[in-house]
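I have placed the structure first, in the form of structure tokens, so that the comments after it can refer back to it.
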Amino acid sequence: MEEREATRTATAAEIFNEAMGSSNLNGKSSGVAQSYGGVKMKLREWEKQSRKEINKWWELFTLRKYVRVNRIRRGLRIGIMPSHQDASNELLEEWGAHILDSSKGLVLILIKHAEIALNKIQNQLRVLEQEIEGIKLTEEESKIRSEMAEKIPQHEETVKIHKQTKFQRDKSDYEEGRIFTVATRFQNAKLKEQIDVSQIKKSDKSSNESRSTDNESSEGESISPNTQGVKLTSLNEMRLALQQESKDQQVKTRGRGRGRGAKGTNPHEGDKEGKQRKTRAQTAAIFKS
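Using full-length UniProt numbering, the letters of the sequence shown correspond one by one to residues 1 to 289.
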């Protein structure tokens, strides 16, 4: 395992363009040695633990790499925005710096627990390898082990490519100013979907347009163009886009409600101005709650 560890560390250093020092991934494990019964069961458990060890090793390596280059990967960036609609650029810049620092603190917690988990997995893997080495395998069992041994490097190659791709993606987020536009789906329940507006489903757009075209034109309301494809580059722009998206959705929902009303009723009757005030109040509540 030590030889595999050294080879893997060198490979990781190369693909992330960093000369690595000594690795401390093989610290003393506090886990209790566990024995497994049955040769085939041992082999299946060895394959399972080998895959888990690969996944956890690369997770830990990349988390440490993100900390060293002072970046936060997608899904770990805190995406909470200030509720002030008139927030200045200075406020937003300070806000962004602090939430990135907080995100980094959470990453350090993940690293701490990933180290513990990795050491436990590696301890179990050593126990299994020692037990298997002490067994004289049958021809069938040797074949099974050989097939498993061929799959493990393939799995590691897949994991390695995946991690490298994600690292380059996050690097682009920082270089292109998209740090916060993709940060909020997992942390903020107010924001229903990831803030890459270009990913809005075309099918939803077309169905909503077909149901609301007549209502929108007769009401004479001007709805801002869909923000699909617009590149958001700051917290302020993200908040404004979300406000507009929420307003558009309220208008479309109101139009569908009229379409399902009783026959003979005028869909345009009622206090239009009052409804507009209600819509604005609902939109504002999203960002103040």
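Using N, Cα and C, we set each Cβ at its ideal position, and we do this for glycine too.
As the structure is a prediction and not an experimental result, all values here were calculated from the model.
Per DSSP, Leu91 is one residue of the alpha helix (DSSP H) stretching across Asn89 to Glu133.
Residue Ile132 holds the alpha-carbon nearest to the alpha-carbon of Met41 among Gln164, Thr158 and Ile132. In the DSSP assignment, Met148 falls within the alpha helix (DSSP H) that extends over Glu139 to Glu175. Around the C-beta of Tyr66, 16 or more other C-beta atoms lie within 10 Å, and the residue is accordingly described as buried. Linking Thr158 to Gln164 through their CA atoms gives a straight-line distance of about 10 Å. About 7 Å separates the CB atoms of Arg77 and Ile179; that is less than 8 Å, so the two are in contact. Ala149 counts as exposed, since fewer than 16 other beta carbons sit within 10 angstroms of its beta carbon. A buried status is given to Gln124, since no fewer than 16 other beta-carbon atoms sit within 10 Å of its beta-carbon. In this structure, Lys151 lies away from Glu53, with their beta-carbon atoms at least 9 Å apart. Measuring C-alpha to C-alpha distances from Gly105 to each of Lys166, Ile72, Gly38 and Asp170 identifies Ile72 as the nearest.
Judged by DSSP in its simplified three-state form, Ile54 adopts helix.
DSSP places Phe180 in the coil class of the three-state scheme, outside both helix and strand.
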